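In the working numbering, the protein residues as written are 3 to 165.
Heads up, the thing below is written out as structure tokens.
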């Protein structure tokens, strides 16, 4: 009888599964005094590791002593393919400044130099979308103290912000 009662108590708990959220945050900040655009993107470490491992047939083993020595190169290669920007309708290229791990998140630091004027930004961000259909990429941009944001999804991975 005890086993039956315990089973009745545990069974409803088993019907709930842990839901994993697939979201990234990218913050874009225009610095007119240095004519640069600073970008910080954060994604879950296990998701980006999974995506890069599949896409480039490697075993990154992030946040371990066995992490591949060329992980920064692979990160940059992946980002260049899946995160593209146009400022004032001109395609721009960013520099990969580095990465930082914090808990289960990796922060990517990117920078675009020599941007004298900033009116529009077109963002294509399909990071992780090939591997996670529910992935959403939140973009927050700040230009001359004006803040705007948008969500990009697999159905709509590109959008424009006007300032």
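Built from N, CA and C at the ideal position, the CB exists for glycine as well.
Please read these numbers as outputs of a predicted model, since none were measured by experiment.
Burial state of residue i (16 or more Cβ within 10 Å)
| i | result |
| --- | --- |
| residue 96 | buried |
| residue 59 | exposed |
| residue 53 | buried |
| residue 61 | exposed |
| residue 127 | buried |
| residue 137 | buried |
Cβ-based neighbour list, residue i, same chain, cut-off 6 Å, excluding 5 preceding and 5 following
| i | result |
| --- | --- |
| residue 140 | 27, 153 |
| residue 29 | 42, 142 |
| residue 94 | 87, 114 |
| residue 118 | 37 |
| residue 51 | 62, 64 |
| residue 44 | 27, 107, 109 |
Contacts around residue i, its chain only, beta-carbon distance under 8 Å, and the 5 residues preceding and following it disregarded
| i | result |
| --- | --- |
| residue 113 | 38, 39, 40, 41, 96, 97, 99 |
| residue 34 | 120, 146 |
Alpha-carbon to alpha-carbon, residue j and residue i
| i | j | result |
| --- | --- | --- |
| residue 111 | residue 75 | 13 Å |
| residue 18 | residue 148 | Only weak support exists for where residue 18 lies, its pLDDT of 47 falling under 50; the value from the coordinates is given anyway. One C-alpha to the other measures close to 42 Å. |
| residue 144 | residue 163 | 10 Å |
| residue 131 | residue 36 | 33 Å |
| residue 68 | residue 88 | 37 Å |
| residue 115 | residue 32 | 10 Å |
| residue 22 | residue 158 | 21 Å |
| residue 84 | residue 66 | 25 Å |
| residue 73 | residue 151 | 30 Å |
| residue 57 | residue 49 | 12 Å |
| residue 104 | residue 82 | 23 Å |
| residue 20 | residue 79 | In this prediction, residue 20 scores a pLDDT of 48, lower than 50, which makes its location untrustworthy; no coordinate-derived value is stated. |
| residue 55 | residue 71 | 14 Å |
| residue 90 | residue 133 | 31 Å |
Per DSSP, the bridge partner or partners of residue i
| i | result |
| --- | --- |
| residue 37 | DSSP lists no partner for residue 37. |
| residue 126 | 86, 160 |
| residue 43 | 28, 110 |
Expected contact under 8 Å - CB spacing of residue i and residue j to nearest Å
| i | j | result |
| --- | --- | --- |
| residue 25 | residue 106 | Actually they are not in contact, since the Cβ atoms of residue 25 and residue 106 sit about 13 Å apart, beyond 8 Å. |
| residue 77 | residue 101 | 6 Å |
| residue 155 | residue 124 | The Cβ separation is near 16 Å, so there is no contact. |
Close Cβ partners of residue i (< 7 Å) along its chain, the five nearest in sequence each way excluded
| i | result |
| --- | --- |
| residue 135 | 156 |
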